[in-house]
Amino acid sequence: MLAFFLRRVAIAIPTILLISVFVFALQKLLPGDPLLVLAGEERDPEVLEFLREKYRLNDPIPIQYLTWIGNALTGDLGTSFRTNQPVTQLIAQKLPVTLQLAVMSLIFAIAIGIPAGIVSAYRKGTVTDYIANVVALSGLSIPNFWLGIMLILLVSVKWQLLPASGYVPPGEDFWLSIKTMLMPAFVLGTALAATLMRHTRSAMLGVLTSDYVRTARAKGLSERKVVLKHAFRNALTPIVTLTALLFGELIAGAVLTEQIFTIPGFGKLVVDAVFNRDYAVVQGIVLVTAVGFIVMNLLADMAYFLLNPRLRSA
Amino acid sequence: MKYLTLTTAALALMATGAMAQDLRIGLQEDPDVLDPDQSRTFVGRIVYTALCDKLVDITPDLEIIPQLATEWTVAEDGMSIDMTLREGVVFHDGTPFNAQAAADNISRSQTLEESRRKSELASIASVEVTGDYTLTLNLTAPDATVMAQLADRAGMMISPTAATEAGTDFGANPICSGPFRFVERIAQDRIVLEKFADYWNAEAINFDTVTYLPIPDTTVRLANLQSGDLDMIERLSATDLAQAEADEDIIVERATSLGYDGMTFNVGNGDRADNPFGTDGKLLRQALSLSIDRQALSQVVFDGVTTPGNQQYSPGSNFYAAAYPVPTRDIEAAKALLAEAGFADGVDIEVQAPNDTDSQQVMQVIQAMVAEAGINLTITSKEFATMLADQSAGSYTASLVGWSGRVDPDGNIHQFVTTDGGINDSGYSNAEVDRLLNAARQTNDTAERKALYAEAQSILSEDLPIVYLWHDTWLWALDSAIEGFVPYPDGMIRLKGVSKSE
Amino acid sequence: MVAADPALDLPKPENRVWKKFRSHKSAMLGGILVVFFVAIALLAPILPIPDPAATDWSLVRKAPSAAHWMGTDEIGRDMLSRMIWGAQASLLAGVISVGIAVAIGVPLGVVAGYFGGWTDAVISRCTEALLAAPFLILAIALAAFLGPSLTNAMIAIGISATPVFIRLTRGQVINIKVEDYVDSARAIGLPTRLILSRYILPNVLPPILVQATLTIATAIIAEASLSFLGLGQQPPAPSWGSMLNTAKNFLNQAPWMALWPGISIFLVVLGFNLLGDGLRDALDPREH
Chain A
2 MLAFFLRRVA IAIPTILLIS VFVFALQKLL PGDPLLVLAG EERDPEVLEF
52 LREKYRLNDP IPIQYLTWIG NALTGDLGTS FRTNQPVTQL IAQKLPVTLQ
102 LAVMSLIFAI AIGIPAGIVS AYRKGTVTDY IANVVALSGL SIPNFWLGIM
152 LILLVSVKWQ LLPASGYVPP GEDFWLSIKT MLMPAFVLGT ALAATLMRHT
202 RSAMLGVLTS DYVRTARAKG LSERKVVLKH AFRNALTPIV TLTALLFGEL
252 IAGAVLTEQI FTIPGFGKLV VDAVFNRDYA VVQGIVLVTA VGFIVMNLLA
302 DMAYFLLNPR LRSA
Chain B
17 MKYLTLTTAA LALMATGAMA QDLRIGLQED PDVLDPDQSR TFVGRIVYTA
67 LCDKLVDITP DLEIIPQLAT EWTVAEDGMS IDMTLREGVV FHDGTPFNAQ
117 AAADNISRSQ TLEESRRKSE LASIASVEVT GDYTLTLNLT APDATVMAQL
167 ADRAGMMISP TAATEAGTDF GANPICSGPF RFVERIAQDR IVLEKFADYW
217 NAEAINFDTV TYLPIPDTTV RLANLQSGDL DMIERLSATD LAQAEADEDI
267 IVERATSLGY DGMTFNVGNG DRADNPFGTD GKLLRQALSL SIDRQALSQV
317 VFDGVTTPGN QQYSPGSNFY AAAYPVPTRD IEAAKALLAE AGFADGVDIE
367 VQAPNDTDSQ QVMQVIQAMV AEAGINLTIT SKEFATMLAD QSAGSYTASL
417 VGWSGRVDPD GNIHQFVTTD GGINDSGYSN AEVDRLLNAA RQTNDTAERK
467 ALYAEAQSIL SEDLPIVYLW HDTWLWALDS AIEGFVPYPD GMIRLKGVSK
517 SE
Chain C
3 MVAADPALDL PKPENRVWKK FRSHKSAMLG GILVVFFVAI ALLAPILPIP
53 DPAATDWSLV RKAPSAAHWM GTDEIGRDML SRMIWGAQAS LLAGVISVGI
103 AVAIGVPLGV VAGYFGGWTD AVISRCTEAL LAAPFLILAI ALAAFLGPSL
153 TNAMIAIGIS ATPVFIRLTR GQVINIKVED YVDSARAIGL PTRLILSRYI
203 LPNVLPPILV QATLTIATAI IAEASLSFLG LGQQPPAPSW GSMLNTAKNF
253 LNQAPWMALW PGISIFLVVL GFNLLGDGLR DALDPREH
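Chains as they are written, first to last, in our numbering: chain A, 2 to 315; chain B, 17 to 518; chain C, 3 to 290.
This is the structure in structure tokens:
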């Protein structure tokens with residue numbers, strides 16, 4: 002296990018390099034000139050040329066990459082074209098926001114999705130099952146912007162219960178921070194809950210009819226124990242895989258939800274950066290996202306080992 | 017005991033009355049870098065009106081009035097401007113404002129390599145400091161636009177001490193001399209300013225802090241105002257106007273923009289100008305313009321809030337050439353023009369448009385309108401960076417573009433249609449238009465300038481390198497407790513005299 | 003996990019599966035829903051409905067009425083007609099892009115999970131690269147190089163949905179390949195191809211079916227954001243996703259503009275999910 006872990010950590014570094022080359026190349030392939038946006042409405046040619054030199058955009062692309070990676074190794078991820086802010090500072094400002102939103106959404110998703118999936122599988126074919134499925138699928142097909150705006154209009158404008166939008170750091174006012182993040186986390190969480198619910202249901206259906214569950218029942222174990230311990234444990238593989246992926250996606254940012262609730266997280270930042278061809282910002286965020294996915298995938302792989310005794314012995 | 021309670025209550029009440037007042041303003045976008053010399057966004061200018069004073073300001077009628085400069089006179093030959101500056105003004109860091117500081121500012125705008133203000137101040141050859149509070153601007157040629165430039169970012173005065181220390185990083189902690197000083201900024205979240213106690217006009221300022229919150233979604237911006245989280249929002253969406261007006265706790269203010277939206281045609285910018293609507297496509301451009309019902313366009317897409325237009329400024333404004341009114345739709349005439357151009361059976365055109373919902377809607381309406389005249393229009397939606405690059409490289413046929421507008425008419429037209437114009441993406445070139453627009457630049461006589469612009473308009477309405485379509489209306493929605501707000505056609509939010517009742 | 007017992011499947015398995023499927027009421031309902039929408043999409047040209055691009059400036063954002071059952075949209079077009087014509091683009095975007103993702107993702111996931119080692123490392127690291135690259139960049143790049151069309155939008159969505167299928171499949175395979183029956187199959191010298199198709203694949207299918215039917219919803223909605231980048235369905239041709247996108251600005255003034263595409267996406271996704279459930283049960287050898 003430890004060897005496996007170490008090997009994966011060692012492999013992570015070339016992986017991140019690979020990803021950074023990939024994204025860098027892709028960005029350079031995009032049409033559009035960042036400096037035309039940057040030079041302002043008047044597009045003064047003199048300023049254009051100066052900026053091109055300043056940001057070394059006249060260098061051959063491989064040199065540009067090497068310059069970037071060289072600086073990155075010393076902890077300098079460059080500065081944003083748009084706001085002149087260092088990318089490291091941008092990431093430091095936004096990572097806590099994104100993490101808070103991701104964790105809270107995932108809590109909603111897991112708290113709703115997994116129990117609903119288990120109940121629905123256990124009560125397959127009953128009204129409970131149908132209702133759970135319909136609710137889950139509506140959670141998936143109701144667009145986030147619709148649910149978000151409806152919640153704002155109802156909860157904030159009409160009932161004035163929660164702040165309509167924005168972000169408050171937990172260090173400033175913990176409860177207000179949680180309250181402000183409640184609606185966006187719920188909106189994101191419901192859509193993810195649907196996915197988790199459907200997968201939990203399917204996986205549970207698979208194991209509830211299996212031999213070892215039958216054996217466990219025959220042994221006279223309580224129904225609760227049979228379902229939650231024996232069956233659920235064996236149904237976990239796809240749930241673990243998905244939770245890891247969903248968390249990674251949440252770190253990459255949820256553009257629409259962030260935009261509606263005006264949360265200053267990665268999603269909006271990366272979209273603006275791509276549209277403005279703010280290369281350094283995109284690279285910086287991709288770096289963080291990549292680490293996020295690698296860690297989550299690693300955790301998922303380790304969970305497979307822990308959950309499946311056969312894998313451990315193999 | 018009872019007395020004590022009462023006293024405490026009274027004290028508490030008094031404390032509320034004297035409590036620090038915060039003004040929260042919802043912006044449509046997050047501003048870019050907060051350095052007047054380096055910044056380029058419209059939304060950034062809104063923040064500057066509270067943060068940085070300028071040499072001169074404008075009235076809602078676009079007259080130039082004193083701000084940091086109290087008097088100015090243009091020399092007889094138009095080659096220089098003498099200026100007297102306000103005394104007793106200090107920057108937020110305590111540096112005194114004087115003629116030398118003003119000269120340093122103009123020099124920074126002209127020489128800082130990152131400066132986006134160079135072309136705006138190109139006609140200033142040198143600045144002579146003639147006294148502690150007097151200076152002379154020497155011009156390379158008579159230029160009627162200089163004072164208007166100094167009423168915008170190019171005239172914003174920043175602390176020379178801070179500018180020298182921070183260099184190009186000035187925007188991280190901007191230090192100016194406006195009514196509010198910079199406190200903090202969290203990208204895409206908020207910009208906080210606090211009242212500057214030593215402001216020269218401090219009694220006209222009624223707020224202790226101002227917080228700007230970028231909230232891109234228009235519905236959510238309005239919802240925040242309705243829920244009481246904001247006091248004021250800018251750029252209320254036209255389609256939300258009815259809803260905002262129906263709410264008795266909300267006041268809506270409006271002003272017609274100085275800018276325009278229209279369709280720019282490639283008539284001489286590279287190979288792509290060789291198309292039916294291009295170099296020799298005058299008749300087809302006229303046909304296209306005639307087949308658009310501008311009134312209906314404004315009604316359908318913007319609930320009639322925008323002003324249909326056909327020139328750089330909206331009908332009724334000072335420099336509008338009334339001799340060339342907004343054309344009414346005439347499909348028969350458009351068809352006749354098509355036939356005259358040799359396209360009686362119809363013609364195809366590809367128009368690029370930005371990928372926002374409003375532009376898409378506008379293009380689909382136009383698509384349907386021009387189809388009736390036999391023009392088969394395809395829409396290519398592009399994100400802004402691509403569109404801009406294609407446009408300046410001449411890799412387009414026609415393009416739906418907007419311009420945020422300038423106080424002086426020169427800034428709205430000269431650079432677009434003169435042969436060497438800096439942003440003449442159309443590639444249009446007409447010696448007579450060049451002559452007229454250059455002449456209009458060099459005289460300070462408004463009547464004469466109007467005549468010159470009208471004459472240029474007579475040619476441009478024929479040639480149509482740009483088919484103007486409409487002028488936006490700036491809409492601000494305010495909490496009914498806000499008093500004293502004055503709408504300006506430049507779309508800014510000036511906080512002088514604005515207050516909030518309890 | 004579930005072992006597919008070949009002995010039970012031998013006598014005409016198709017018949018048994020179909021019989022089970024037919025008796026599955028909710029699956030039939032799902033089938034009907036899907037067939038209904040497919041039929042609408044195919045029949046659009048011959049149905050007696052107005053031109054989906056025909057505008058009427060006097061009918062901008064009008065609520066449902068006798069003349070326009072579903073109301074009109076932001077530039078006075080008939081919503082019903084646009085819904086029917088939009089079904090085509092949206093179903094294609096949903097089904098084909100998921101098809102692409104499954105066709106690429108499942109085999110790669112099986113290979114990565116079953117063979118492990120370097121094969122797994124290479125596939126997994128590439129998956130991570132794909133996951134970390136912002137979808138937007140991928141989409142703009144594709145729009146620029148392949149040009150704007152619905153097909154290219156489907157490719158872009160398909161590619162971006164692939165990693166989930168790789169990860170899901172791989173996770174399942176890793177856990178199944180150590181089961182006793184797979185070990186014994188290997189021990190008796192069954193060729194890898196047969197082990198994969200007979201023992202591994204059936205166990206991978208349930209989560210893939212679930213994911214595929216769910217991704218259809220995401221893909222239909224994603225098509226809209228692509229048509230915004232100049233990829234995907236081009237205006238004035240309708241798609242549910244882009245209708246929903248436009249409706250976003252009129253939630254207060256014209257709620258029906260969001261309602262119809264929203265409901266339709268829900269019904270299509272419900273249909274596919276019920277179908278998927280039915281298929282899953284029918285393929286499950288132990289349930290009779």
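Ideal placement from N, C-alpha and C gives every residue a C-beta, glycine not left out.
Everything numeric in this text was worked out from a predicted model, so none of it was measured.
Query - Contact the segment 245-261 of chain B vs the segment 24-44 of chain C: 3+ CB pairs below 8 Å - result: no
**Report entry** Alpha carbon of Gly33(B) to alpha carbon of Phe212(B), nearest angstrom
**Finding:** Here residue 33(B) corresponds to residue number 17 of the second sequence, with the count starting at 1. Here residue 212(B) corresponds to residue number 196 of the second sequence, with the count starting at 1. For Gly33(B), the pLDDT reaches just 43, beneath the cut-off of 50, and the residue's location in the model is therefore unreliable, although a value from the coordinates is still provided. Each residue's Cα considered, the two are about 20 Å apart.
Query raised in the report: Any idea which residues DSSP pairs Met248(B) with across the strands?
Result: Within the second sequence, the letter at position 232 stands for residue 248(B). Paired residues: Ile41(B), Leu494(B).
**Report entry** Counterpart residues of Tyr484(B) in DSSP-defined beta bridges
**Finding:** On the second sequence, residue 484(B) is found 468 positions in, with the first residue counted as 1. BP columns for Tyr484(B) point to Gly278(B).
Requested in this report: Would you decide whether Gly264(C) is buried or exposed? Buried here means 16 or more other CB atoms lie within 10 Å of its CB.
Outcome: Mapped onto the third sequence, residue 264(C) falls at position 262. Gly264(C) comes out buried.
Query - Reference Asp159(B), options Ala178(B), Ala91(B), Gln204(B), Met173(B), closest by Cα - result: Start at 1 with the first residue of the second sequence, and residue 159(B) comes out as number 143. The residue with the shortest Cα to Cα distance from Asp159(B) is Ala91(B).
Report task. Figure out for me which residue from Leu67(B), Leu274(B), Gln315(B) has the closest Cα to the Cα of Arg63(C). Result -> Along the third sequence, read from residue 1 onward, the residue named residue 63(C) stands at position 61. Selected option, being the one with the closest Cα: Gln315(B).
Query - chain B within 9 Å of Thr215(C), Cβ atoms only - result: Within the third sequence, numbered from 1, the residue matching residue 215(C) stands at position 213. No - not a single Cβ of chain B is within 9 Å of the one on Thr215(C).
Query raised in the report: Rounded to whole angstroms, how far is the Cβ of Asn85(A) from the Cβ of Val49(B), which I believe are closer than 8 Å?
Result: Counting from 1 along the first sequence, the entry for residue 85(A) is found at position 84. Counting from 1 along the second sequence, the entry for residue 49(B) is found at position 33. About 4 Å; that satisfies the 8 Å criterion.
Query raised in the report: Going by the beta-carbon positions, is the gap between Leu39(A) and Leu107(A) smaller than 9 Å?
Result: Here residue 39(A) refers to the residue found at position 38 when the first sequence is read from its first residue. Here residue 107(A) refers to the residue found at position 106 when the first sequence is read from its first residue. No, the pair does not count as a contact, with Cβ atoms beyond the cut-off.
Query raised in the report: For Asp60(A), which three-state DSSP category applies?
Result: Your numbering for residue 60(A) matches position 59 in the first sequence. In this structure, Asp60(A) counts as coil in the three-state DSSP scheme.
Query raised in the report: Name the chain B residues whose beta carbon is nearer than 8 Å to that of Ala45(A)?
Result: The sequence position of residue 45(A) within the first sequence is 44, counting from 1. Going by the sequence as given, residue 45(A) is Asp instead of Ala. By Cβ distance, chain B contributes Arg132, Lys134, Ser135, Gly438.
Query raised in the report: By Cβ distance below 8 Å, which residues in the same chain neighbour Val268(B) in space, the five residues on each side in sequence not counted?
Result: Along the second sequence, read from residue 1 onward, the residue named residue 268(B) stands at position 252. Here the set comprises Leu252, Leu257, Ala260, Glu261, Leu491, Trp492, Ala493, Leu494.
Requested in this report: State the start and end residues of the unbroken beta strand (DSSP E) segment that holds Glu269(B).
Outcome: Here residue 269(B) refers to the residue found at position 253 of the second sequence. Its beta strand (DSSP E) spans residues 266-272.
**Report entry** Residues from the segment 27-58 of chain A in contact with chain C, defined by Cβ distance under 8 Å
**Finding:** Leu27, Gln28, Leu30, Leu31, Pro32
Query raised in the report: Considering only C-alpha positions, which residue in the set Asp98(B), Met163(B), Asn440(B), Trp88(B) is nearest to Ile74(B)?
Result: By one-based count along the second sequence, residue 74(B) stands at place 58. Closest option to Ile74(B), Cα to Cα, is Met163(B).
Requested in this report: Can you tell me which of Arg127(C), Leu170(C), Ala158(C) puts its alpha carbon nearest to the alpha carbon of Gly111(C)?
Outcome: Translated into positions along the third sequence, residue 111(C) becomes position 109. Considering only alpha carbons, the answer is Leu170(C).
Query raised in the report: With DSSP run on the structure shown, which of helix, strand or coil describes Arg127(C)?
Result: On the third sequence, position 125 is the one that residue 127(C) refers to. Three-state result, Arg127(C): helix.
Requested in this report: Report the rounded CA-to-CA distance for Asp11(C) versus Val98(A), giving the unit in angstroms.
Outcome: Residue 11(C) sits at position 9 when you count from the first residue of the third sequence. Residue 98(A) sits at position 97 when you count from the first residue of the first sequence. The predicted model places Asp11(C) with a pLDDT of 44, which falls under 50 and marks its position as unreliable; any figure quoted below should be read in that light. Computed Cα separation, rounded: 53 Å.
Requested in this report: May I have the straight-line CA-CA distance separating His70(C) from Ala56(C), to the nearest angstrom?
Outcome: Residue numbering aside, residue 70(C) sits at position 68 when the third sequence is read from its first letter. Residue numbering aside, residue 56(C) sits at position 54 when the third sequence is read from its first letter. Approximately 13 Å, taken between the alpha carbons.
Query - Cβ separation of His430(B) and Arg457(B), assumed to be a contact under 8 Å, to the nearest whole Å - result: The count along the second sequence starts at 1 and reaches residue 430(B) at position 414. The count along the second sequence starts at 1 and reaches residue 457(B) at position 441. About 7 Å; that satisfies the 8 Å criterion.
Report task. Assuming Val156(C) and Ala89(C) form a contact by the criterion Cβ under 8 Å, report the distance between their Cβ atoms to the nearest whole angstrom. Result -> Residue numbering aside, residue 156(C) sits at position 154 when the third sequence is read from its first letter. Residue numbering aside, residue 89(C) sits at position 87 when the third sequence is read from its first letter. The residue asked about is misnamed: residue 156(C) is Met in this sequence, not Val. Their Cβ separation, rounded to whole angstroms, is 15 Å, which puts Met156(C) and Ala89(C) out of contact at 8 Å.
Query raised in the report: In the structure shown, what three-state DSSP assignment does Pro150(C) receive?
Result: Taking the third sequence and counting its residues from 1, one reaches residue 150(C) at position 148. Coil at Pro150(C), not helix or strand.
Requested in this report: Determine the closest residue to Val530(B) out of Val236(B), Ile382(B), Ile365(B), Asn154(B), with distance taken between C-alpha atoms.
Outcome: Chain B is shown from 17 up to 518; residue 530(B) falls before or after that span and cannot be answered.
Query raised in the report: For Ser530(B), which of helix, strand or coil comes out of DSSP?
Result: Outside the shown range of chain B (17 to 518) lies residue 530(B), about which nothing can therefore be said.
Query raised in the report: If we count Cβ pairs, one from each stretch, closer than 8 Å, do we get three or more for the segment 219-228 of chain C versus the segment 73-83 of chain C?
Result: no
Query raised in the report: Taking C-alpha atoms, which residue in Leu203(C), Glu130(C), Trp120(C) lies nearest to Pro165(C)?
Result: Here residue 165(C) refers to the residue found at position 163 of the third sequence. Among Leu203(C), Glu130(C), Trp120(C), the Cα nearest to that of Pro165(C) is on Glu130(C).
Query raised in the report: How would you label Ser496(B), buried or exposed, when you count the other beta carbons within 10 angstroms and need 16 or more for buried?
Result: Start at 1 with the first residue of the second sequence, and residue 496(B) comes out as number 480. Counting Cβ neighbours within 10 Å, Ser496(B) comes out exposed, since fewer than 16 surround it.
Query raised in the report: What do you reckon, are the CB atoms on Ile62(B) and Gly507(B) nearer than 9 Å?
Result: Position 46 of the second sequence holds residue 62(B). Position 491 of the second sequence holds residue 507(B). Contact flag set, yes.
Query raised in the report: Does the beta carbon of Val10(A) come closer than 9 Å to any beta carbon on chain C?
Result: Along the first sequence, read from residue 1 onward, the residue named residue 10(A) stands at position 9. Chain C contact via Cβ: absent.
**Report entry** Of the listed residues Met259(C), Asp279(C), Val270(C), Arg282(C), nearest to Met72(C) (C-alpha basis)
**Finding:** Against the third sequence, residue 72(C) aligns to sequence position 70. Comparing Cα-Cα distances from Met72(C) to each of Met259(C), Asp279(C), Val270(C), Arg282(C), the minimum goes to Met259(C).
Query raised in the report: Listed from N- to C-terminal order along the chain, which residues in the segment 201-212 of chain C have their beta-carbon within a distance smaller than 7 Å of any beta-carbon of chain A?
Result: Pro208, Pro209, Val212
Report task. Kindly list the residues whose CB is nearer than 6 Å to the CB of Gln311(B), restricted to its own chain and excluding five residues on each side of it in sequence; keep chain order. Result -> Stepping through the second sequence from its first residue, residue 311(B) is reached at position 295. So the list reads Pro324, once near-sequence residues are dropped.
Report task. Please name the residue or residues paired with Lys70(B) in a DSSP beta bridge. Result -> The residue given as residue 70(B) occupies position 54 in the second sequence. Bridge partners of Lys70(B): Met172(B).
Requested in this report: Would you verify that the beta carbon of Ser1(C) is, or is not, closer than 9 Å to some beta carbon of chain B?
Outcome: Past the boundaries of the shown model lies residue 1(C); chain C is included only from 3 to 290, so the question cannot be answered.
**Report entry** CB contact check: Lys22(C) to chain A, cutoff 9 Å
**Finding:** One-based indexing of the third sequence puts residue 22(C) at position 20. Cβ-Cβ to chain A under 9 Å: no for Lys22(C).
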